[in-house]
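In the UniProt record's numbering, the protein residues as written are 1 to 110. We put the beta carbon where it would ideally sit given N, CA and C, even for glycine.
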């Protein structure tokens with residue numbers, strides 16, 4: 001999402017210190033306007049040097065007023081073969097997830 005204009009949708013839903021929280025944001029990608037809301041799932045490329053695409057769930061969205069950054073907390077779901085331990089015999093078709101991570105919204109890759 002680098003170099004794409006990002007706007008919050010709706011009014012803030014909370015404040016804490018320098019942080020202002022929101023429920024959704026909109027952006028334009030490849031000429032189409034899209035909205036991403038909390039609780040929605042989407043594909044994300046976590047590591048630029050890898051071809052691994054994971055599924056992410058938006059959990060928190062906020063703006064840090066002191067730095068001007070728009071941040072998002074994601075729960076990311078990986079296939080077992082895309083984890084450091086790799087797929088084991090007992091994994092079956094399951095997907096693994098790790099604790100939520102924080103990313104700058106403008107650094108999400110589509």
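- Between residue 36 and residue 43, the gap from beta carbon to beta carbon reaches 8 Å or more.
- When the alpha-carbon of residue 5 is set against those of 26, 18, 50, 54, the nearest one is in 26.
- No Cβ-Cβ contact shorter than 8 Å links residue 74 with residue 21.
- In the structure shown, the three-state DSSP call for residue 81 is helix.
- The C-beta separation of residue 64 from residue 18 comes to about 6 Å, placing the pair in contact by the 8 Å criterion.
- Going by beta carbons, residue 72 and residue 58 fall inside the 8 Å limit.
- Counting the other Cβ atoms within 10 Å of the Cβ of residue 54 gives 16 or more, which makes it buried.
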